Structure formats: structure tokens, C-alpha cells
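Residue numbers (UniProt numbering): 1 to 909.
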């Protein structure tokens, strides 16, 4: 049961806010507002014994009860004109000067501020003073006022009802003031009311009122429906003056009391009827409630937590109250990826509110919240998650979903444990409303809001949460939580097995489009290959629409990123569906053509020109093509263009993922490059520098030793696949496991990479240390020729940095806009992705591939314009290339190297 008795404004505001949050209510909500014909005046300066002043505390014992004024209404006068005038008493503490001088129309003639001060002094020193009284008139108005709720501020505003007797009331006030010999102070407002009525008026149906005569709120099946209905919301009552549909002409106190009594009788009658019709349901309900209360006392733990941070750059404070052990089914979704069962005491419900003043003026209250403090994904069994799922609602009616995760990885024996345990990574998404609102043709009410950010809980707040923890199972809760954290960081034991999850794929594979294989001999007599896919010739096009340009794909180091037979949607299939002929270059870096002695410069100088010559041999020298490259493939392509080995005239556009002419990697990978690990690895390998990656393949002791060392190298995300561990040891993690499917993981590590050529690692090390492309001798011979990069570009980075930082695409975009302002240059950072998972991720086709397609279409459109280019503007100076950003990384690396040398010195001594 819910009773609303918050007064006219309060009850109406609650129902307005509830209506915006989904409550079906009548269109008459806010209508029928009445002021009961009220108007207020003040008479001062009278010598008559009005007894309208309140008494001070020291006066009470000296004045008998019958002679005391008030307490509120001292006398009453009913006029034949149709209204009643009552006199009122103001407390002594009330400032009469404020009432007379500010609330009224200022000071009438013959009575000024000095008179009021003298009168007040006389009262203070107990001398005979002029008398004053409040006059309050009540009668009848048209009851046609209206209450509304401001959508922006969430505050109540109203239009007062018309009062046809207002002039007569003023005349009566003037005659009373004249008879009393005082000065009349009238209100500065047209109508001042102390008896508000209406707003949720009672009626026979929803077409003429908000509630029925018993106070129950009408239920309209369709929000905003104007068709009459007599159905009501069960258990929802209004029980105050807002039910009164018109002015009553006298003081409405007794009227409201009678209404409350009437509503109460109706409620009792309805309750008795319900019990008579459902006796068993009622008893079973109380039994279940009692059992739940007993169980709640046995297993629940109450936790209060306050986190602060930013979401979308806006200040955010989360006040959470968690009840652990009370949620049976958390409903987080992704059941097929769930790994094992979390103890029920580590799962619970969340309440409280979140404050984001820049987004909503009022608090965002949690309607439904769930938390799981030991959630594990089968794709990353070594990683533990604390998962929060909150449904938020604001006073304006907007609803949001907040998803939060604390991600705990066993990296360097929990070196980052405190940071991971106290930082909550969140995304906030607005839920679209049913009825969008438009302004100037644009949907402004339901614009998609999807923000990301991070919240942090301080050590002091964590201690307060621990001290204020409630429940008789709090000790067991702390034990279970610490045990799960210990298993993650110290024992580093996986929960479940990824390979078992792979053995039963439930997706029927779609046949892969047929392709042509072309063997290509490079200028230095090395055999490479290209794979060609032709699109369906029956793809529908507009009349006169030209055929899209072919697309050349260049992989990263060794692994496949574009041609993924196990996946339903890879980039090759996507390009073919959009009419692009697709070519995949398999360089000497590819496992099919592993060379024993080469550099990335050889790929740029020989392999890429040979592939372009092959495409031009088939389509003609005038054929333009798009290029999409990843990681090392992008480095080689930029070296080929800036080195003058191929002309930009062959390309309509260039798109790169986590690569460019700059190559900025994370600090841990940079430290490994600074240390002599790669030269030592080359020495261990000897003359044969191609490693067999499969666990079942035969290999010498040198390769086995290097792979064993690679498996022991710390990496941020661990995996129980030996091939994946070895590859991550050489490069670092190249993808977030949660972003790729088990079949993709199996294809990468068990099928697509039988051999790993290591010959290019020394050159790659020089590029990583410098932060931009250099030749095999470490010389900067490329960046000095930006005039060779006259083409449209798109640089994409992952927002969840894993190997290559977003600074790579940022610097490249600024470089191109500075030196080639006449072309289209775009940069995109896709949140949630790391490195290779931009191309091989399960949701890449939805979140990454559309950026490629849009850029290809834009570039081809620009090629068709006069001059073939579009001006975008110019960046001011070379400072945009982020030279100052390099300083921090250099200081970090120098500090790490200094500590390393110092440690070696002490060990040797």
C-alpha cells in the first residue's frame, strides 16, 4: 500500500515524477487547482484591542487562558457577498517589518519605516503600542488553476485560478481597516493563498479526474490516453487536500479530515474484501515473508561503499548500499561464458544513489542493482572480476544502465592489486524512452548517451566500509573474499579450463568464399604470395555507380588478422559483401614463407611493391586501391610510401590499426626492448631463426629453451594455452581474451601459426626504442619525406591499451593533417579493444569494421571530386607531434634502467 499525503504541491509533484518514470496516470493530473478563494492583508496602527500579537514566554504566567490571543484564528466574519474573513495571530518572533515592507506593496501613505520601528520598540519595552492583525479571506474561485512540473529543473510551477470576487474582498479589507483605525497593507501578489486544494482531483473516471472518490489513482492503459477509464492502480491512494475538486468557501481543515476518514474506510473495506477472496494466498504470503526475514538475518551482510571519480569527464559520486547473500539469480547474462559458480555470499543486491550534477540536477537513484564480487569469464580463467550492474532513474524520468567492473589480473604477483581492487571501470548508457520528443526536427530527448569513466574508493572509505559492515556473516564474507583474491594473485590458479570450452562449438560454420592464390617473385628473388577474393558480380548497384576499388590487406607480425575461416564475420567477408575485391598479402613474415634473414625494410622495399605490381598486372596501371594494414604490416607500408618504394598515386586511401609511421608501445614492453633480451634471444637461436610454435612439432633444444623462457616472461593476462603463452612472452599480450571467441583463440594458436619468423625482431626493436619508423641501421630516413604521403588516411587505436598505445594514431593523425591538409584524415579510438582484437574480436564487425567502410566510401567520393582532395585545415606547429609527451616515457625508462644497473651492481658485489 502507498499513501500520498504530502500536500497539494508535494503529492502532485510525486505523481508527476512517477508518471515520467512510467506510472500510467490521467491527463487531468495538475488540473483543478484552487486557492480556496484566499487573499491575505495586514492591518497595523490600530488603537483597538485586537489581541493579535503573540505572547512572549515571560508573559504567559501573567495572562489568563481566556485572555490569551490565538493561537491562530482569533475571530471570523462572513460576508453576504460570498466569502469569509478570519483574523490571524502572528508569533512574536515573526518580523512584522518584513511582512509589511516586503511581502506587501511597500509603505502606504502616512505610515513609513519609522512608524514601524517606533511600534516595535514600544513592544520591546512593554509600553502601550499600536495593535496589528492579519486578515485572511476565503471564498470561491473558478478552480481553473493548473500545476505543472518543469522538465529541466524538476520543480513545481503553477497558474493560479481566477478569482471573480477579488475586488470585493479588497473593498471589504479597506472598510475593516477604516473601522479599526489602522493602515491596510495589501499583498503584492494578486492572490495569496494559505488553503491550497486540487491537483489530484477526485472524479468518476480518468477523463475528468486523477482519483476515484475513494482516493485510488486511476490507471490509464496507454500513457496519455484521453479515453475514460475507471480502473485503478491497486494499493495506490491519495489522502489529502489535493483530492478536493473545487474551493469550499470556508476553512477546509475539517473537510480534509473527513476526506481522510472516508479514504481510510474505503481502504479497510478493500482490504477485508481481498482477505475474504484470497485467504490462503494471504497466509502463505506472510509465511514466506517470515521465512525470508529469518533467512535474511542468517546469511545477509550489509556493506556501505562510497566511490568518487569521473564519467565522461564529469564528476561522479556513487553512494552504494549492498546486501550480500540475498540474490539467488544475478542475471548478469553471458551464461555460456560463466566459469564455475560464485559463492552466494559474494553476490548481492545494490541500492543507494549516484550523483552526476553535470548530467542530472537530481540524484540518480538505483531502482535495481546487482553485484558479483567473484565473477570469472571462461575466456580469461585467470582473471577475476567484480561486476556491478545498476539500473538508475532520475527525477526527470530518464533511465540509465551503469555497468562496472573491477578487473584483477595476476600480473607481477599482484603488484597492481591495490589499484585494481579500488578502481571501478564503468560505462553509463541512457535507455531510450518510448515516446521521443523532437525540437526543430531533431530528437533531443532520446539522444544516445554512452559514457565511460572510472570510480575510485579511497583507503579511508574502504576502512569505513569495513567498520560499518553489518550482519552476522560478515566474518565469513571477508574470508571468502580474501580467499578469492589470494587465489587470483598469489596461487594464480585458473577457474575452469578454456580448452574444454572450445571442444564443443555450437555454431555451424558458413562456407568461406573461394579465392585465387598467386605466387609472386620479388625483386630480391624471394617467393611471397597474394590471395585474391572476387565479390559477387550480382551485387546490386545504382545505375551509373562505379565499381568499388580493390582493397589490399597487410597482416601484422605472422598471425592472421583478416582471413579468419572460423568466424562468421571477418573483414574479408565484410569487404566482399560491400562489393570490394579483396587482396591479402602474405609477405616473407608470414608462416607460409618464413625467411631466415630479413628486416621489415625488406618487406617495404620488395614485398609490397611486388604485390602492387601483381594487382596492376591484372587491373591495369591506372587502377587505384585501398590499403588496410595492421601492426608491423602498417610499419612496412609507411616505410614503403615514405621511402619512395611505391607511389601514393596507387592508393585511394590508407587505413591502419595500432600502427603508423609512429610506434608507441606500453612502458613494460618498452623496458623489455631496452634490455638486451632480443640480442640474447638471437644468440640462443643461432643460425636458424624460425621457431616452431605448435607444442606437438619437433624442435631443437635452442628453440625449446627460448620458448620455455618466453612462457615465463610476465604478461598482463595469462592463458593456459602453451602456444598463447609463448607468443605473449615474445610480444606481450596482443588481444584481450574476453573479446575473442574460443574458436578464434583455437585457430590463432593451433592452426594459423605453425612457425614464427624471428629475424625481423632486431629491426622491430630499433623502431620501438625510437618510437617511429627507422631503417635497419636505426637511421631516421623516412619522416623527412611527408610529401610522399598524399592520400586519405584513417588511424584506429584500441581504447583499452594493451601493447601499442593510442598515442601512435594520435601522432600520425597530427602528422598527416600538418603536412597533407588537402586530404581527409580521421582518427578513431574504439573503447574496450586492445591490439589485434580490433580485427579478430567477436564484436569487431559492429564496432570497428563500419569505420573502415565509411572511410573507403568517403575516400572514393573525394576521388571523384574536382582536384580529388578536400581541405580540412592545418595544425599550427611541430609541437602537435607530442615531443613533450616523450619526456615522461624517457624518464620512466631511464629510471628503470638505473634501478636495473644498481641491482646488478649489488648482486655482483
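Idealized CB from N, CA, C, for every residue including glycine. Values in this document were obtained by computation on a predicted structure and should not be read as measured data.
Between residue 503 and the rest of its own chain, which residues show a CB-CB distance below 7 angstroms, the 5 nearest in sequence each way excluded?
Low per-residue confidence applies at residue 503: pLDDT is 47, beneath 50, and the placement is therefore not dependable enough to give any value.
Measuring alpha carbon to alpha carbon, tell me which of 16, 198, 33, 242 ends up nearest residue 149.
Cα-wise, what sits closest to residue 149 is 16.
Extent of the continuous alpha helix (DSSP H) to which residue 693 belongs
Element bounds for residue 693: n/a, residue is neither H nor E.
How is residue 649 classed by DSSP in three states: helix, strand or coil?
In the structure shown, residue 649 adopts helical secondary structure according to DSSP, grouped into three states.
Measure the C-alpha to C-alpha separation of residue 214 and residue 242 and round it to an integer number of angstroms.
Distance between the alpha carbons of residue 214 and residue 242: 13 angstroms.
Enclosing alpha helix (DSSP H) for residue 770 [first to last residue]:
If you look at residue 770, you'll find it in the alpha helix (DSSP H) that goes 761–770.
So residue 733 packs on residue 802, CB below 8 angstroms; how close in whole Å?
The C-beta separation of residue 733 from residue 802 comes to about 5 angstroms, placing the pair in contact by the 8 angstroms criterion.
Mark residue 548 as exposed unless 16 or more other C-beta atoms lie within 10 angstroms of its C-beta, in which case mark it buried.
Under this definition residue 548 is a buried residue.
Just confirm the distance between the C-beta atoms of residue 138 and residue 38, as a whole number of angstroms; I'd bet it's less than 8 angstroms.
Confirmed, Cβ separation roughly 5 angstroms.
Do you know whose CA, among 367, 344, 750, 608, lies nearest residue 353's CA?
Closest by alpha carbon: 367.
If you count every other CB in all the chains shown that lies within 10 Å of the CB of residue 839, and 16 or more means buried, which is it?
With 16 or more other Cβ atoms within 10 Å, it is buried.
Am I right that residue 710 and residue 596 are in contact with their C-beta atoms under 8 angstroms? What's the rounded C-beta distance?
Rounded to the nearest angstrom, the Cβ distance from residue 710 to residue 596 is 19 angstroms, too far for a contact under 8 angstroms.
Nearest CA to the CA of residue 627: which residue from 687, 131, 856, 716?
Measuring from the Cα of residue 627, the nearest candidate turns out to be 856.
Could you check whether residue 630 and residue 604 sit closer than 8 angstroms to each other, using their CB atoms as the reference points?
No; because the gap between Cβ atoms is not below 8 angstroms, this pair is not in contact.
Report back the beta-carbon spacing between residue 817 and residue 795 to the nearest angstrom; my notes put them in contact at under 8 angstroms.
With a Cβ gap of about 11 angstroms, residue 817 and residue 795 do not count as contacting.
Proximity of residue 182 and residue 44 at Cβ, strictly below 8 angstroms
Taking 8 angstroms as the Cβ cut-off, residue 182 and residue 44 qualify as a contacting pair.
Just to confirm the assignment: which complete beta strand (DSSP E) runs, minimum length 3, are found wholly within the segment 11–68?
If you keep only unbroken beta strand (DSSP E) runs of at least 3 residues inside the segment 11–68, you get 31–33, 39–46.
Anyone know if the C-beta pair for residue 388 and residue 364 falls short of 8 angstroms?
Their beta carbons are not under 8 angstroms apart, which means residue 388 does not touch residue 364 by this criterion.
Own chain, CB closer than 6 angstroms to residue 414, minus 5 neighbours either side, in chain order:
For residue 414, the CB contacts under 6 angstroms within the same chain, skipping 5 residues up- and downstream, are 489 in chain order.
Contained alpha helix (DSSP H) runs [length at least 4] in the segment 152–237, N- to C-terminal order:
The segment 152–237 contains these whole alpha helix (DSSP H) runs: 166–180.
Residue 574: first and last residue of the uninterrupted alpha helix (DSSP H) it sits in
It spans 571–577 - the alpha helix (DSSP H) in which residue 574 sits, taken as one unbroken run.
In chain order, which alpha helix (DSSP H) runs of at least 4 residues are fully inside the segment 796–872?
Complete alpha helix (DSSP H) runs here, min 4: 807–819, 837–840, 844–847, 849–863.
Stretch-stretch touch, CB-based, cutoff 8 angstroms, three pairs: the segment 718–733 with the segment 520–532:
Between the segment 718–733 and the segment 520–532 there are fewer than three C-beta pairs closer than 8 angstroms, too few to call the two in contact.
In the DSSP assignment, find the unbroken beta strand (DSSP E) run with residue 399 in it and report its ends.
Taken as a continuous stretch (DSSP letters only), the beta strand (DSSP E) holding residue 399 covers 399–408.
What three-state label does DSSP hand residue 607 in the structure shown?
In the three-state scheme derived from DSSP, where H, G and I count as helix and E and B as strand, residue 607 is classed as helix.
Could you tell me the distance, in whole angstroms, from the CA atom of residue 232 to the CA atom of residue 73?
Residue 73 has its alpha-carbon roughly 39 angstroms from the corresponding atom of residue 232.
Segment contact flag, the segment 731–748 with the segment 831–849, C-beta cutoff 8 angstroms, min 3 pairs
The answer is yes - the segment 831–849 touches the segment 731–748, with three or more Cβ pairs under 8 angstroms.
Best match in 318, 373, 278, 357 for proximity to residue 324 [C-alpha to C-alpha]
Closest by alpha carbon: 373.
Would you mind reading off the limits of the beta strand (DSSP E) that contains residue 915?
What is shown of the chain runs 1 to 909, which leaves residue 915 out entirely.
Among the residues of its own chain, which have a CB less than 7 angstroms from the CB of residue 598, if the five just before and after it don't count?
So the qualifying residues of the chain are 588, 759, 760.
State yes or no: is the C-beta of residue 534 within less than 8 angstroms of the C-beta of residue 581?
With contacts defined by Cβ atoms closer than 8 angstroms, residue 534 and residue 581 form a contacting pair.
Going along the chain, which residues of its own chain have a beta-carbon closer than 6 angstroms to the beta-carbon of residue 516, five neighbours each way excluded?
Excluding positions up to five away in sequence, the list reads 532.
May I have the straight-line CA-CA distance separating residue 616 from residue 791, to the nearest angstrom?
Cα to Cα, the separation comes out at about 18 angstroms.
Got a sec, what are the start and stop residues for the alpha helix (DSSP H) residue 486 sits in?
First-last of the alpha helix (DSSP H) with residue 486: 474–486.
Bridge partner(s) assigned by DSSP for residue 519:
DSSP lists 529 as partners of residue 519.
Could you spell out where the beta strand (DSSP E) holding residue 373 opens and where it closes?
Run containing residue 373: 364–377, per the beta strand (DSSP E) assignment.
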